[in-house]
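Below you'll find the structure, written out as structure tokens, and then a few comments.
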Amino acid sequence: MTLGPQGRALSGFTVELDVYSGPYEWLLALILKEELEIFEVPLRELVDLYLSSRDPASADSLERDTDFAGSAAALVLLKSRTLFPAVEAEGVEDEPLSPEELAERLSGYLKVRRGAEHLRERFAANAGHHPSAHTLPARRGRQRVRPDALSLAARRAFSRLLEPPVDHLGPITVTLQELAYLIRRALARGPVSYEDLTRGMDRMNRAVAFAAALSLAQEGHVTISQPEPLGPLTLAPSR
Amino acid sequence: MSEPRPEQLIEAVLLVSPRPIGNADLRSATGLSEDQTSAALVTLLERYSPRTSGIVLREVAGGYLLSTNPSCSAAVERFREEARPAPLSGAAHEALACVLYLGPLTRAGISRVRGVNSDAVVRNLIERGLLAEVGADREAPGSPALLAVTDEFLAATGASSTADFPALEELVSPEELARVRDRLLTTTGSGEPPPAEGPSYEGSPY
Amino acid sequence: MSEPRPEQLIEAVLLVSPRPIGNADLRSATGLSEDQTSAALVTLLERYSPRTSGIVLREVAGGYLLSTNPSCSAAVERFREEARPAPLSGAAHEALACVLYLGPLTRAGISRVRGVNSDAVVRNLIERGLLAEVGADREAPGSPALLAVTDEFLAATGASSTADFPALEELVSPEELARVRDRLLTTTGSGEPPPAEGPSYEGSPY
Numbered sequence: 000m001t002l003g004p005q006g007r008a009l010s011g012f013t014v015e016l017d018v019y020s021g022p023y024e025w026l027l028a029l030i031l032k033e034e035l036e037i038f039e040v041p042l043r044e045l046v047d048l049y050l051s052s053r054d055p056a057s058a059d060s061l062e063r064d065t066d067f068a069g070s071a072a073a074l075v076l077l078k079s080r081t082l083f084p085a086v087e088a089e090g091v092e093d094e095p096l097s098p099e100e101l102a103e104r105l106s107g108y109l110k111v112r113r114g115a116e117h118l119r120e121r122f123a124a125n126a127g128h129h130p131s132a133h134t135l136p137a138r139r140g141r142q143r144v145r146p147d148a149l150s151l152a153a154r155r156a157f158s159r160l161l162e163p164p165v166d167h168l169g170p171i172t173v174t175l176q177e178l179a180y181l182i183r184r185a186l187a188r189g190p191v192s193y194e195d196l197t198r199g200m201d202r203m204n205r206a207v208a209f210a211a212a213l214s215l216a217q218e219g220h221v222t223i224s225q226p227e228p229l230g231p232l233t234l235a236p237s238r
Numbered sequence: 000m001s002e003p004r005p006e007q008l009i010e011a012v013l014l015v016s017p018r019p020i021g022n023a024d025l026r027s028a029t030g031l032s033e034d035q036t037s038a039a040l041v042t043l044l045e046r047y048s049p050r051t052s053g054i055v056l057r058e059v060a061g062g063y064l065l066s067t068n069p070s071c072s073a074a075v076e077r078f079r080e081e082a083r084p085a086p087l088s089g090a091a092h093e094a095l096a097c098v099l100y101l102g103p104l105t106r107a108g109i110s111r112v113r114g115v116n117s118d119a120v121v122r123n124l125i126e127r128g129l130l131a132e133v134g135a136d137r138e139a140p141g142s143p144a145l146l147a148v149t150d151e152f153l154a155a156t157g158a159s160s161t162a163d164f165p166a167l168e169e170l171v172s173p174e175e176l177a178r179v180r181d182r183l184l185t186t187t188g189s190g191e192p193p194p195a196e197g198p199s200y201e202g203s204p205y
Numbered sequence: 000m001s002e003p004r005p006e007q008l009i010e011a012v013l014l015v016s017p018r019p020i021g022n023a024d025l026r027s028a029t030g031l032s033e034d035q036t037s038a039a040l041v042t043l044l045e046r047y048s049p050r051t052s053g054i055v056l057r058e059v060a061g062g063y064l065l066s067t068n069p070s071c072s073a074a075v076e077r078f079r080e081e082a083r084p085a086p087l088s089g090a091a092h093e094a095l096a097c098v099l100y101l102g103p104l105t106r107a108g109i110s111r112v113r114g115v116n117s118d119a120v121v122r123n124l125i126e127r128g129l130l131a132e133v134g135a136d137r138e139a140p141g142s143p144a145l146l147a148v149t150d151e152f153l154a155a156t157g158a159s160s161t162a163d164f165p166a167l168e169e170l171v172s173p174e175e176l177a178r179v180r181d182r183l184l185t186t187t188g189s190g191e192p193p194p195a196e197g198p199s200y201e202g203s204p205y
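These protein sequence lines are chains A, B and C, in that order. Quick note: the first sequence uses numbering that gives the first Met the number 0, first residue 0, plus one each step. Quick note: the second sequence uses numbering that gives the first Met the number 0, first residue 0, plus one each step. Quick note: the third sequence uses numbering that gives the first Met the number 0, first residue 0, plus one each step.
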């Protein structure tokens, strides 16, 4: 599976996501250029969009499916990589946290997460209000456009088109299929914790196992629950 | 929530249309029958009558239109003088940057560079007087209009001419620039229009 | 033509604004006194009530705004031929909650609270007009921009002001907080997994 320059089979496929709308190929480019955080791309939605746009009767449908499956699988793996602490090392934190500080921070995060749930309800309850369209044009000469905002917008719009280098991605050596099989087998005996499932695995395999679990959850085979931050992750077979 | 009554549906649709809406369009949006629509319009013409309301329902150009009561025009005009213009969205800035640096450009050209259909953004910018049609691209099928930035745009940015902006070469790499130019020159390959603008609360955000 | 009544003046001004209008701006456009304005607004809130009208008057973002009744949104969206914007992602809600409750906050501050880089979410929220830069953190190297929620955010959540949200402390129980602390401060354990609730793999890597 590669994210390299691909055939043109997917050139007509466009996506409409919360974080991005436009050609699918550019979405890949943005992710590779780190303009879009892979973590924010809802892969399940992406797959749904592809499936709904799929025309099995078209001449290149096989080619399209192959291209999409390849790039989507690579996205899953890329996404799993963001779960490595090592990947984050250069970013957010300089110094290791004491357990006390970490507890403080997690409590803060838990509050924010509850705040986010509250906001979701507020947005939903207020959706469907459309404002009046009977607006008057602003008086001439009163508008302001910031030149620096224009420069930024130019950069953003014009740099989107360049295909990013992919060399730094390196080879990926584990297969999702193997891990999916492993998870299914473990689940045959009932719910299993992520901890138990990945005992003995190296970091790469643990992360990819997580990606595999996510894929299975997205396909509806598995339910993943983690009621609280830092709480145990439990995988259960879906009913 | 209980089912809205016919006049509620019609009044909601009237609020979001700046142009008169014909009877048939009202019916197709609301799903009401001809009789229901007529009856609701009678109720609404009474409710939004110039005698009692600051918002009036008028029958114009074969359709129905809400507008302000002329008796209130002084207040409306004063509000327009004093109101702060709505800020521009990120999409609007991008469309302006495309036209400023690559223009004059057709609507399709802007959409091609941005990768999303930009018609709604462009309409908003024309209404604001920041973009204007300055001719037509005779080489393209249908001779679509070419857009350029306006004097109003220059005034809004505090620039005296388009030369006052940083050169494109300072903003993007030569490779990026070449890609953008390529993109502009290719005739729309698939014939498909780019996707509509994403959920960006364009223009009037609420 | 007879002199328009206060509520007619206000109604007319409200029709031409896509954004909430504050009490002071209403008064300065209409020339009404504070008492007249308040009394007229009471009348209008009753007249444009969600129970009876397809057009509703809402008190949001420190002002008054006419908008369509959500019960009529299907007809409105059919008329405008546009789907309602997709709901925000979990990540976007979290970033907004950070800024609402802990803001103004820099991008790095949001990322620190959430534990993942949030630049892309923040960019999207700025494009949607829900967050805006309101200054800079002069104490931090490079004076990064500080972000705050916008009036559009308040309107979209139906809030009058940021004080209109429940306090964070009310949203999480002390027991829940204590559990998180315990779990972390004792060695991360092999303890009993709590009963499974909904899938919650979205959001943060904690």
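For every residue, glycine included, the Cβ atom is placed at its ideal position computed from N, Cα and C.
Spatial distance of residue i from residue j (CA atoms)
i         : j         : result
A:Arg-277 : A:Ser-224 : For chain A, the structure presents residues 0 to 238; residue 277 of chain A sits outside this window and is missing.
C:Arg-127 : A:Ala-185 : 44 Å
B:Glu-196 : A:Ala-148 : Residue placement at B:Glu-196 is flagged as unreliable, the pLDDT there being 43, under the threshold of 50; the coordinate-derived value follows with that caveat. Computed Cα separation, rounded: 20 Å.
B:Ala-208 : C:Glu-168 : Chain B is shown from 0 up to 205; residue 208 of chain B falls before or after that span and cannot be answered.
B:Ala-155 : A:Arg-143 : 4 Å
A:Gly-11  : A:Gly-107 : 44 Å
B:Pro-29  : B:Leu-8   : The amino acid at residue 29 of chain B is misidentified as Pro; the sequence shows Thr. Cα to Cα, B:Thr-29 sits roughly 6 Å from B:Leu-8.
A:Leu-118 : A:Ala-56  : 43 Å
A:Val-191 : A:Val-75  : 22 Å
C:Ala-147 : A:Tyr-19  : 22 Å
A:Leu-101 : C:Ile-109 : 16 Å
A:Ser-70  : A:Val-40  : 13 Å
C:Ser-1   : B:Pro-84  : 32 Å
C:Leu-40  : C:Glu-6   : 7 Å
B:Glu-76  : B:Leu-43  : 25 Å
B:Asp-34  : A:Glu-120 : 38 Å
A:Phe-83  : C:Glu-151 : With a pLDDT of 48 at A:Phe-83, under the threshold of 50, the modelled position of that residue is not reliable, and the figure given next carries that caveat. About 36 Å.
B:Val-38  : C:Leu-124 : The sequence shown places Ala at residue 38 of chain B, rather than the Val named in the question. Using only the alpha carbons, I get a separation of about 44 Å.
A:Leu-48  : B:Ile-54  : 43 Å
A:Phe-122 : B:Ser-160 : 43 Å
B:Thr-51  : A:Thr-134 : 22 Å
A:Val-221 : A:Ser-214 : 9 Å
A:Arg-43  : A:Ala-72  : 12 Å
C:Arg-18  : C:Leu-87  : 21 Å
A:Met-200 : A:Leu-109 : 29 Å
B:Leu-56  : B:Glu-45  : 9 Å
Opening and closing residue of the beta strand (DSSP E) in which residue i lies
i         : result
C:Glu-132 : 130-135
A:Leu-9   : Looking at the DSSP string, A:Leu-9 is not in any beta strand (DSSP E), and its letter there is neither H nor E.
C:Ala-147 : 144-148
A:Ala-146 : Reading off the sequence shown, one finds Pro at residue 146 of chain A, where the question assumed Ala. Note, A:Pro-146: premise wrong, no beta strand (DSSP E); alpha helix (DSSP H) at 146-158.
A:Ser-222 : It is worth fixing the name first, because residue 222 of chain A is Thr in this sequence and not Ser. Run containing A:Thr-222: 221-224, per the beta strand (DSSP E) assignment.
Exposure label - residue i; buried when at least 16 CB within 10 Å
i         : result
C:Gly-89  : buried
B:Glu-80  : exposed
B:Val-115 : buried
B:Val-133 : exposed
C:Asp-118 : buried
B:Arg-113 : buried
A:Tyr-180 : exposed
C:Glu-93  : buried
A:Pro-231 : buried
C:Ala-74  : buried
C:Pro-140 : exposed
C:Asp-181 : exposed
Limits of the alpha helix (DSSP H) - the one that residue i falls within
i         : result
B:Val-12  : 5-14
B:Ala-38  : 33-46
A:Val-46  : 42-52
C:Thr-206 : Residue 206 of chain C cannot be examined here, being either before or after the span of chain C that is shown, 0 to 205.
B:Pro-173 : 173-184
A:Leu-234 : First-last for A:Leu-234: 233-236, but that is the beta strand (DSSP E), not the alpha helix (DSSP H).
C:Glu-2   : From DSSP, C:Glu-2 is part of no alpha helix (DSSP H); its letter is neither H nor E.
A:Leu-196 : 193-196
B:Glu-138 : No alpha helix (DSSP H) holds B:Glu-138; DSSP gives it neither H nor E.
| said: For a minimum of 4 consecutive residues, which ranges assigned as the alpha helix (DSSP H) are wholly contained in the region 51-120 of chain B? | reply: 72-81, 89-101 and 106-113
| request: Would you be able to state if there are at least three C-beta pairs under 8 Å between the region 57-67 of chain C and the region 11-31 of chain B? | output: yes
| field | Any 3 or more C-beta pairs closer than 8 Å across the region 53-61 of chain B and the region 96-108 of chain B | value | no
| message | Quick check for students: name the residue ranges of the alpha helix (DSSP H) that lie wholly in the region 97-134 of chain A, counting only runs of 4 or more. | response | 98-125
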